[in-house]
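J.: Let me begin by handing over the structure; questions about it come next.
There are 4 protein chains.
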Amino acid sequence: MTTTNSPSSKSKASSSTTAAASSPSPPTAEKGVVIGRLTVTLTCCQPFKVLNGGVSALIAESTASLGGYVASGYRRVFGVQLSTNHIKPAMLGEQVEAEATPVRVGRTIQVWEVQIRKIDPSTSSSKVLLSTSRVVLLSNMEAPKEMKEYEEKIKKYARL
Amino acid sequence: MTTTNSPSSKSKASSSTTAAASSPSPPTAEKGVVIGRLTVTLTCCQPFKVLNGGVSALIAESTASLGGYVASGYRRVFGVQLSTNHIKPAMLGEQVEAEATPVRVGRTIQVWEVQIRKIDPSTSSSKVLLSTSRVVLLSNMEAPKEMKEYEEKIKKYARL
Amino acid sequence: MTTTNSPSSKSKASSSTTAAASSPSPPTAEKGVVIGRLTVTLTCCQPFKVLNGGVSALIAESTASLGGYVASGYRRVFGVQLSTNHIKPAMLGEQVEAEATPVRVGRTIQVWEVQIRKIDPSTSSSKVLLSTSRVVLLSNMEAPKEMKEYEEKIKKYARL
Amino acid sequence: MTTTNSPSSKSKASSSTTAAASSPSPPTAEKGVVIGRLTVTLTCCQPFKVLNGGVSALIAESTASLGGYVASGYRRVFGVQLSTNHIKPAMLGEQVEAEATPVRVGRTIQVWEVQIRKIDPSTSSSKVLLSTSRVVLLSNMEAPKEMKEYEEKIKKYARL
Numbered sequence: 016m017t018t019t020n021s022p023s024s025k026s027k028a029s030s031s032t033t034a035a036a037s038s039p040s041p042p043t044a045e046k047g048v049v050i051g052r053l054t055v056t057l058t059c060c061q062p063f064k065v066l067n068g069g070v071s072a073l074i075a076e077s078t079a080s081l082g083g084y085v086a087s088g089y090r091r092v093f094g095v096q097l098s099t100n101h102i103k104p105a106m107l108g109e110q111v112e113a114e115a116t117p118v119r120v121g122r123t124i125q126v127w128e129v130q131i132r133k134i135d136p137s138t139s140s141s142k143v144l145l146s147t148s149r150v151v152l153l154s155n156m157e158a159p160k161e162m163k164e165y166e167e168k169i170k171k172y173a174r175l
Numbered sequence: 016m017t018t019t020n021s022p023s024s025k026s027k028a029s030s031s032t033t034a035a036a037s038s039p040s041p042p043t044a045e046k047g048v049v050i051g052r053l054t055v056t057l058t059c060c061q062p063f064k065v066l067n068g069g070v071s072a073l074i075a076e077s078t079a080s081l082g083g084y085v086a087s088g089y090r091r092v093f094g095v096q097l098s099t100n101h102i103k104p105a106m107l108g109e110q111v112e113a114e115a116t117p118v119r120v121g122r123t124i125q126v127w128e129v130q131i132r133k134i135d136p137s138t139s140s141s142k143v144l145l146s147t148s149r150v151v152l153l154s155n156m157e158a159p160k161e162m163k164e165y166e167e168k169i170k171k172y173a174r175l
Numbered sequence: 016m017t018t019t020n021s022p023s024s025k026s027k028a029s030s031s032t033t034a035a036a037s038s039p040s041p042p043t044a045e046k047g048v049v050i051g052r053l054t055v056t057l058t059c060c061q062p063f064k065v066l067n068g069g070v071s072a073l074i075a076e077s078t079a080s081l082g083g084y085v086a087s088g089y090r091r092v093f094g095v096q097l098s099t100n101h102i103k104p105a106m107l108g109e110q111v112e113a114e115a116t117p118v119r120v121g122r123t124i125q126v127w128e129v130q131i132r133k134i135d136p137s138t139s140s141s142k143v144l145l146s147t148s149r150v151v152l153l154s155n156m157e158a159p160k161e162m163k164e165y166e167e168k169i170k171k172y173a174r175l
Numbered sequence: 016m017t018t019t020n021s022p023s024s025k026s027k028a029s030s031s032t033t034a035a036a037s038s039p040s041p042p043t044a045e046k047g048v049v050i051g052r053l054t055v056t057l058t059c060c061q062p063f064k065v066l067n068g069g070v071s072a073l074i075a076e077s078t079a080s081l082g083g084y085v086a087s088g089y090r091r092v093f094g095v096q097l098s099t100n101h102i103k104p105a106m107l108g109e110q111v112e113a114e115a116t117p118v119r120v121g122r123t124i125q126v127w128e129v130q131i132r133k134i135d136p137s138t139s140s141s142k143v144l145l146s147t148s149r150v151v152l153l154s155n156m157e158a159p160k161e162m163k164e165y166e167e168k169i170k171k172y173a174r175l
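Residue numbers (the numbering used here), protein chains in the order written: chain A, 16 to 175; chain B, 16 to 175; chain C, 16 to 175; chain D, 16 to 175.
Below you can see the structure in the form of structure tokens.
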């Protein structure tokens with residue numbers, strides 16, 4: 016899974032091609048958003064050729080954790096609780112987009128909302144909600160020194 | 016992870032002491048249990064070399080869905096809701112075991128509990144709880160005909 | 016709390032057959048919203064004089080169930096799953112507002128989101144998020160005949 | 016509901032410093048259990064004369080919080096997340112019993128499981144599961160001085 020971003024959003028942390036963590040206008044962690052896209056392949060389908068609901072949960076936990084890591088100033092976060100409501104299925108071959116938005120960025124606890132939507136390449140405006148998740152993170156733990164390299168990588172993509 | 020798909024896995028969709036949804040002794044769906052094992056590799060770790068919490072959720076959804084599929088008599092199930100509480104981390108290289116147990120097997124709604132534990136190969140008795148999940152399934156939808164092959168495969172493993 | 020039972024509350028339950036919360040376009044069940052207000056009294060506080068988090072959950076389940084009942088055309092609904100994330104505390108004496116919004120109104124399953132916010136009577140624009148809940152309902156069960164009276168009462172408050 | 020406040024309830028809140036729910040071996044906080052009983056009256060029913068699912072959630076949050084308060088050595092706890100799965104309904108007039116058990120008592124985060132069961136006064140062995148909840152608490156915050164009186168009250172009941 017990778018992440019991309021819409022220039023109109025404020026701060027964004029993305030891993031693949033674009034994105035940001037602190038914008039020219041005074042950035043706040045509350046505004047950080049993580050966006051990622053995924054094409055539904057057989058690997059992430061259950062036997063009925065539908066996106067495995069657990070993959071939606073995995074995407075939610077991953078994007079929220081990345082966002083929480085950036086929002087806490089590149090300190091370590093731990094997932095505490097994850098709740099996912101599956102709304103509609105995504106079929107093999109379809110494209111989905113995950114957007115993680117902070118609900119609350121506290122010193123100890125962060126709560127993120129992650130919505131996964133089906134995107135229609137021909138009509139970018141149409142985005143059907145597939146699932147909605149809430150992720151609770153315990154934040155602000157010290158990151159081990161060997162994570163400095165990872166931090167630099169994320170910072171590169173989480174550009175202004 | 017779809018545990019029963021890989022013959023090398025220790026998967027069983029079985030009841031407490033004997034067997035599966037079609038055992039000689041009067042089987043009840045309520046007794047069906049799905050067990051799967053996983054070694055924590057880099058693929059399923061987050062950057063801190065700890066098992067990605069989203070992978071625990073994925074395992075929970077997958078094992079519960081498999082159990083629900085068997086418990087409903089090989090009819091289609093849909094994941095509706097997934098809640099995962101992360102209790103302790105698992106490190107790179109460690110072995111984990113997931114056990115999905117039915118809380119309620121209703122005609123329309125099934126609820127499964129999935130516990131993931133760390134197993135110590137040297138002392139099989141020690142099993143530290145890593146996460147506990149609740150999975151809500153909408154069950155009893157008709158399975159498409161082309162799933163007959165999958166059904167046969169599951170039935171083969173769902174017997175001791 | 017069953018918001019529409021007390022005439023003093025600001026409740027409105029809108030559905031497809033009635034009208035949505037302020038929509039000029041043809042209303043649909045998806046647009047129905049249930050709103051209720053509550054003053055934090057000692058009865059709903061935990062011993063630390065803070066709104067009991069369980070009361071927030073109770074409000075969420077109640078408003079979502081009322082909305083689901085209306086959205087399904089006054090048929091019976093059952094709560095299946097409730098997830099509440101507590102964001103900030105509300106203190107004794109403060110006023111809170113709950114808003115239940117449908118995420119999906121399916122034939123069998125409904126998912127509602129309920130946000131509870133603190134309202135400042137002096138500046139109605141300021142609304143701090145206190146909690147956010149997701150409620151899963153099993154819908155469309157037949158309502159017993161003796162519920163006709165209740166249906167009429169709700170219909171009166173579920174005004175256009 | 017704060018079960019241990021009413022002497023008529025069968026509540027016991029046991030902790031490491033006091034005593035566990037019937038354990039001959041040295042008790043630990045992990046073994047602390049909170050039990051409360053409730054008769055389903057009209058007050059806690061939804062309009063269909065069934066126990067309001069939100070009341071189950073309220074009971075879960077309350078019993079878990081009480082347990083967490085004791086388990087942390089009478090320090091303040093905050094509810095962070097609550098997940099409730101409703102399994103079966105309880106009808107007007109029936110008796111229910113809630114049992115809160117710690118899943119993990121950490122320094123910062125506690126996770127409690129609360130099961131609510133229907134009890135049949137004539138056959139005390141029959142206990143049908145009505146709901147199962149998971150409560151996440153942020154623990155170990157300093158309790159205000161004026162809570163000393165409450166602490167003493169709880170300590171009185173938190174002993175067999």
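For glycine and all other residues, C-beta sits at the position ideal for the given N, C-alpha and C.
Per DSSP, what kind of secondary structure is G94 (chain D) in: helix, strand or coil?
T.: Translated into positions along the fourth sequence, residue 94 (chain D) becomes position 79. Reduced to three states, the DSSP call for G94 (chain D) is strand.
J.: Between the stretch 154-165 of chain B and the stretch 65-76 of chain B, do at least 3 Cβ pairs fall closer than 8 Å?
T.: no
J.: Given a cut-off of 9 Å on the beta-carbon distance, is the pair G68 (chain D) and P117 (chain D) in contact?
T.: The residue labelled residue 68 (chain D) in the question sits at position 53 within the fourth sequence. The residue labelled residue 117 (chain D) in the question sits at position 102 within the fourth sequence. No, Cβ-Cβ distance for G68 (chain D) and P117 (chain D) is not below 9 Å.
J.: DSSP has K142 (chain D) in a bridge; who is on the other side?
T.: As a working note, residue 142 (chain D) is residue 127 in the fourth sequence. DSSP, once it has assigned bridges, lists D:I134 as partnering K142 (chain D).
J.: Hey, out of C:Q96, C:W127, C:E109, whose CA is closest to S146 (chain D)'s CA?
T.: Numbered from its first residue, the fourth sequence carries residue 146 (chain D) at position 131. Residue C:Q96 is the option with its Cα nearest to S146 (chain D).
J.: Of all the options D:Y84, D:E161, D:S77, D:Y165, which has the alpha carbon lying nearest to the alpha carbon of V120 (chain D)?
T.: Position 105 of the fourth sequence, counting from 1, holds the residue named residue 120 (chain D). When only C-alpha atoms are compared, the closest one is D:Y84.
J.: Please check if any C-beta of chain D sits within less than 9 Å of the C-beta of T147 (chain B).
T.: Residue mapping note: residue 147 (chain B) aligns to position 132 of the second sequence, counting from 1. Yes, because at least one Cβ of chain D sits closer than 9 Å to the Cβ of T147 (chain B).
J.: Closest to S77 (chain A) by CA distance: which of B:L81, B:F63, B:V92 is it?
T.: Residue numbering aside, residue 77 (chain A) sits at position 62 when the first sequence is read from its first letter. The option with the nearest alpha carbon to S77 (chain A) is B:F63.
J.: Does F123 (chain B) get closer than 9 Å to chain C when you measure Cβ to Cβ?
T.: Taking the second sequence and counting its residues from 1, one reaches residue 123 (chain B) at position 108. A small correction: the amino acid at residue 123 (chain B) is Thr; Phe does not occupy that position in the sequence shown. Chain C, which has a Cβ nearer than 9 Å to the Cβ of T123 (chain B), makes this yes.
J.: Kindly indicate which three-state DSSP category T123 (chain D) falls into: helix, strand or coil?
T.: What you label residue 123 (chain D) is simply residue 108 of the fourth sequence in a count that begins at 1. In this structure, T123 (chain D) counts as coil in the three-state DSSP scheme.
J.: Between which two residues does the alpha helix (DSSP H) holding G82 (chain A) run?
T.: Sequence index remark: in the first sequence, residue 82 (chain A) carries index 67 (1-based). Counting along the chain, the alpha helix (DSSP H) containing G82 (chain A) begins and ends at 68-86.
J.: Please say whether Q110 (chain B) and V55 (chain B) have beta carbons closer to each other than 9 Å?
T.: Position 40 of the second sequence, counted from the start, is the residue given in the question as residue 55 (chain B). Position 95 of the second sequence, counted from the start, is the residue given in the question as residue 110 (chain B). Closer than 9 Å, so yes.
J.: Please name the residue in B:L107, B:Q125, B:G108 whose C-alpha comes closest to that of A115 (chain B).
T.: Against the second sequence, residue 115 (chain B) aligns to sequence position 100. It is B:Q125 whose Cα lies nearest to the Cα of A115 (chain B).
J.: Just to check my reading of the structure: G94 (chain A) and V150 (chain A) have Cβ atoms closer than 8 Å, yes? What is that Cβ distance to the nearest angstrom?
T.: Position 79 of the first sequence holds residue 94 (chain A). Position 135 of the first sequence holds residue 150 (chain A). With 8 Å as the limit, G94 (chain A) and V150 (chain A) qualify as a contact, their Cβ atoms being about 7 Å apart.
J.: So, does the CB of E114 (chain B) fall closer than 9 Å to a CB anywhere in chain D?
T.: Taking the second sequence and counting its residues from 1, one reaches residue 114 (chain B) at position 99. Chain D, which has no Cβ nearer than 9 Å to the Cβ of E114 (chain B), makes this no.
J.: Should T99 (chain C) be labelled buried (16 or more other beta-carbon atoms within 10 Å of its own) or exposed?
T.: Working through the third sequence from its first residue, we reach residue 99 (chain C) at position 84. Buried, since its Cβ has 16 or more Cβ neighbours within 10 Å.
J.: Can you tell which of A:A173, A:K160, A:A79, A:K133 has the C-alpha that lies nearest to the C-alpha of L66 (chain A)?
T.: As a first step, residue 66 (chain A) must be located in the first sequence, where it is residue number 51. Measuring from the Cα of L66 (chain A), the nearest candidate turns out to be A:K133.
J.: On the three-state DSSP scale, how would you describe L153 (chain C)?
T.: The residue you call residue 153 (chain C) lines up with position 138 of the third sequence. Three-state DSSP puts L153 (chain C) in a strand.
J.: Can you give me the start and stop residues for the alpha helix (DSSP H) that I169 (chain D) sits inside?
T.: Here residue 169 (chain D) is taken as the residue at index 154 of the fourth sequence, counted from 1. 163-172 is the span of the alpha helix (DSSP H), which, as asked, contains I169 (chain D).
J.: Can you tell which of A:G88, A:Y89, A:V143, A:T138 has the C-alpha that lies nearest to the C-alpha of A105 (chain A)?
T.: Position 90 of the first sequence, counted from the first residue, corresponds to residue 105 (chain A). Checking every option, the nearest Cα to that of A105 (chain A) belongs to A:V143.
J.: Should S98 (chain A) be flagged as near chain D, meaning a C-beta pair shorter than 9 Å?
T.: Within the first sequence, residue 98 (chain A) is the residue found at index 83, counting from 1. Yes, S98 (chain A) lies at the interface with chain D (some Cβ there is under 9 Å from its Cβ).
J.: Using only the alpha-carbon positions, how far apart do S80 (chain C) and T138 (chain B) sit?
T.: In the third sequence, the residue the question calls residue 80 (chain C) occupies position 65. In the second sequence, the residue the question calls residue 138 (chain B) occupies position 123. Using only the alpha carbons, I get a separation of about 49 Å.
J.: How long is the line joining the alpha carbons of R52 (chain A) and K160 (chain A), rounded to whole angstroms?
T.: The residue you call residue 52 (chain A) lines up with position 37 of the first sequence. The residue you call residue 160 (chain A) lines up with position 145 of the first sequence. Between R52 (chain A) and K160 (chain A), the C-alpha separation is close to 30 Å.
J.: From T123 (chain D) to R91 (chain D), what does the alpha carbon distance come to, in whole angstroms?
T.: Position 108 of the fourth sequence holds residue 123 (chain D). Position 76 of the fourth sequence holds residue 91 (chain D). Cα to Cα, T123 (chain D) sits roughly 11 Å from R91 (chain D).
J.: Kindly give me the distance between the Cβ atoms of E166 (chain A) and Y89 (chain A), rounded to whole angstroms, as I take these residues to be in contact under 8 Å.
T.: Indexing the first sequence from 1 puts residue 166 (chain A) at position 151. Indexing the first sequence from 1 puts residue 89 (chain A) at position 74. About 5 Å; that satisfies the 8 Å criterion.
J.: Any C-beta of chain B sitting closer than 9 Å to the C-beta of T19 (chain C)?
T.: Numbered from its first residue, the third sequence carries residue 19 (chain C) at position 4. Confidence in T19 (chain C) is poor, its pLDDT being 35 and thus under 50, which makes the residue's placement too unreliable to answer from.
J.: Can you look up T116 (chain D) in the DSSP assignment and give me helix, strand or coil?
T.: Translated into the one-based positions of the fourth sequence, residue 116 (chain D) becomes position 101. Looking at T116 (chain D) - three-state DSSP - the assignment turns out to be strand.
J.: Taking the beta strand (DSSP E) that T54 (chain B) belongs to, which residues open and close that run?
T.: Position 39 of the second sequence, counting from 1, holds the residue named residue 54 (chain B). Looking at the DSSP string, the run of the beta strand (DSSP E) that includes T54 (chain B) is 48-54.
J.: So what does DSSP say about K160 (chain B), is it helix, strand or coil?
T.: In the second sequence, the residue the question calls residue 160 (chain B) occupies position 145. K160 (chain B): helix per DSSP, three-state reduction.
J.: For K214 (chain B), which option in B:W127, B:S87, B:I131 has the closest C-alpha, if you only look at C-alpha atoms?
T.: The displayed coordinates of chain B run from 16 to 175. Any statement about residue 214 (chain B) would go beyond what the structure contains.
J.: Leaving aside the five residues before and after M136 (chain D) along the sequence, list all residues of the same chain whose C-beta is less than 8 Å from its C-beta, in chain order.
T.: Residue mapping note: residue 136 (chain D) aligns to position 121 of the fourth sequence, counting from 1. Here the sequence assigns Pro to residue 136 (chain D), which means Met is not the residue at that position. Cβ neighbours of P136 (chain D) beyond the five flanking positions: Q110.
J.: What residues in its chain sit with their C-beta under 6 Å from that of M162 (chain C), if we drop five residues either side in the sequence?
T.: As a working note, residue 162 (chain C) is residue 147 in the third sequence. Nothing listed; no residue qualifies.
J.: What are the partner residues of Q110 (chain B), as DSSP defines its beta bridges?
T.: Sequence index remark: in the second sequence, residue 110 (chain B) carries index 95 (1-based). According to DSSP, which records beta bridges pairwise, Q110 (chain B) is partnered with B:T54, B:I134.
J.: Taking 9 Å as the threshold (beta carbon to beta carbon), is I74 (chain C) in contact with chain D?
T.: As a working note, residue 74 (chain C) is residue 59 in the third sequence. So yes, I74 (chain C) belongs to the interface.
J.: Starting from the Cα of W127 (chain A), find the closest Cα among C:G108, C:A113, C:S148 and give me that residue.
T.: Position 112 of the first sequence holds residue 127 (chain A). W127 (chain A) has its Cα closest to that of C:S148, out of C:G108, C:A113, C:S148.
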